Amino acid sequence: MCIGIIVSEISESGDASRINEDQIGYTSANGLCAAWIIDGATPLRDARYVVAEGYENDVVWFVRSASRALQQYALNGSTPADIIESAMIDVADQYRRAVGAIDHVPPEDRPVAALAWIRGTSKGSEVQLEAAAFADCKIIVVRPGHAPVLLLDDGGRLDARVQRQVADLQCSGAASMDAVKHALLPSLLQGRRAQNTKPSAKILGLDPTSIANLRHESISIQGSFHLLLCSDGIFRLVDVYKQMTLVEFVETALKSGPELLLKKLRSIEARDRECHAYPRVKPSDDASILVLRLQPC
6 MCIGIIVSEI SESGDASRIN EDQIGYTSAN GLCAAWIIDG ATPLRDARYV
56 VAEGYENDVV WFVRSASRAL QQYALNGSTP ADIIESAMID VADQYRRAVG
106 AIDHVPPEDR PVAALAWIRG TSKGSEVQLE AAAFADCKII VVRPGHAPVL
156 LLDDGGRLDA RVQRQVADLQ CSGAASMDAV KHALLPSLLQ GRRAQNTKPS
206 AKILGLDPTS IANLRHESIS IQGSFHLLLC SDGIFRLVDV YKQMTLVEFV
256 ETALKSGPEL LLKKLRSIEA RDRECHAYPR VKPSDDASIL VLRLQPC
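Per the numbering used here, residue 6 is the first one in the sequence shown, and the count goes up by one each step.
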């Protein structure tokens with residue numbers, strides 16, 4: 006039996022006027038525990054195809070539906086790829102019923118998300134940890150006496166490219182973030198369209214064939230340890246703002262709690278609303294972190 010204990014968690018919208026498009030999930034039973042963070046990609050246009058009360062847009066519907074599907078399949082003993090693929094198939098079927106046909110929705114408007122997913126089981130005095138990820142959500146393993154380790158990190162290549170584009174536009178005279186977003190929109194729409202049409206898509210979406218690009222690994226860890234699942238919004242403290250090392254980020258989460266991380270994050274963003282100090286598309290992003298302690302039993 007693997008015991009997974011939620012130490013702390015926080016999830017907050019980057020904009021008080023919008024619903025949070027992140028979703029945290031956790032489940033345990035029969036000696037297994039599983040957890041995940043889904044980070045929905047904010048729609049690029051004000052198009053809405055799923056009309057249901059309580060959902061601001063299709064992405065909010067998607068991340069909540071995906072989380073419910075993962076809750077259903079996470080502990081069924083299948084491989085991570087099979088579990089996530091089953092969840093994707095279910096959600097795609099639900100979306101198809103809601104909109105009539107997926108092809109009725111332009112590819113650039115279809116919902117997609119990043120994902121960090123883990124499952125723990127016991128093997129004697131060890132925990133067998135299975136991890137899987139799409140895009141830029143983070144999985145951090147923290148073992149006593151060891152430096153924290155990022156599992157399955159995507160390297161942030163897409164974010165780095167967009168940051169360079171924002172910086173170039175600012176240098177060429179874009180006077181405001183509205184002007185930057187307007188100039189970037191064609192490129193962003195093209196990228197979102199590709200995520201929903203190319204078989205090489207590396208993201209959680211409505212096309213289950215993208216499961217072939219799921220990053221996953223399985224490791225055995227002796228004794229108890231901590232695990233952090235993070236959306237890219239809160240990990241900006243490390244990779245975009247560079248205000249913390251990975252070690253400092255983890256130590257703050259474990260010793261002071263994620264509330265202090267969020268406070269520091271929002272303070273930086275409030276001082277740089279036009280994104281000149283740290284070029285980026287969103288002045289503030291949704292930010293989520295789940296801190297777990299896993300131990301064999």
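Where a beta carbon is used, it is the ideal one built from N, C-alpha and C, also for glycine.
Just so you know, these numbers come straight off a predicted model, no measurement behind them.
Asked, Found
"Same chain only: Cβ atoms within 8 Å of I107, ignoring 5 sequence neighbours per side", "A97, Y100, R101, R115 and L211"
"Contact the stretch 181-200 vs the stretch 36-55: 3+ CB pairs below 8 Å", "yes"
"F1 versus A258 - alpha carbon distance", "It is not possible to answer for residue 1, since the shown part of the chain is limited to 6 through 302."
"In chain order, each beta strand (DSSP E) run of at least 3 residues that lies wholly inside the stretch 137-188", "143-147 and 154-156"
"Cα-Cα separation, A152 to V146", "9 Å"
"Span of the alpha helix (DSSP H), counted from its first residue to its last, around Y78", "D63 to Y78"
"C-beta contact flag for S293 and S16 at 8 Å", "yes"
"S236 in three-state terms, based on DSSP", "coil"
"Inter-residue Cα distance where the pair is G178 and Y246", "23 Å"
"V12, enclosing alpha helix (DSSP H) - first and last residue", "It is not in any alpha helix (DSSP H) - V12 instead sits in the beta strand (DSSP E) that spans C7 to E17."
"Option in T126, L75 and R271 with minimal Cα separation from L209", "L75"
"Whole-angstrom distance between G82 and R166, CA atom to CA atom", "38 Å"
"Residue range of the unbroken beta strand (DSSP E) whose run includes L299", "A292 to P301"
"Beta-carbon contacts of D290 that lie in its chain and below 8 Å, excluding the five residues immediately before and after", "G19, S236, D237, G238 and R241"
"Extent of the continuous alpha helix (DSSP H) to which R101 belongs", "P85 to V104"
"G125 classed as buried or exposed, judged by whether at least 16 other C-beta atoms fall within 10 angstroms", "buried"
"Status (buried if at least 16 other CB within 10 Å, exposed otherwise) for K260", "exposed"
"Per-residue burial, N62 [other beta carbons within 10 Å of its own, 16 or more giving buried]", "buried"
"Local Cβ density within 10 Å of K203, reported as buried at 16 or more and exposed below that", "exposed"
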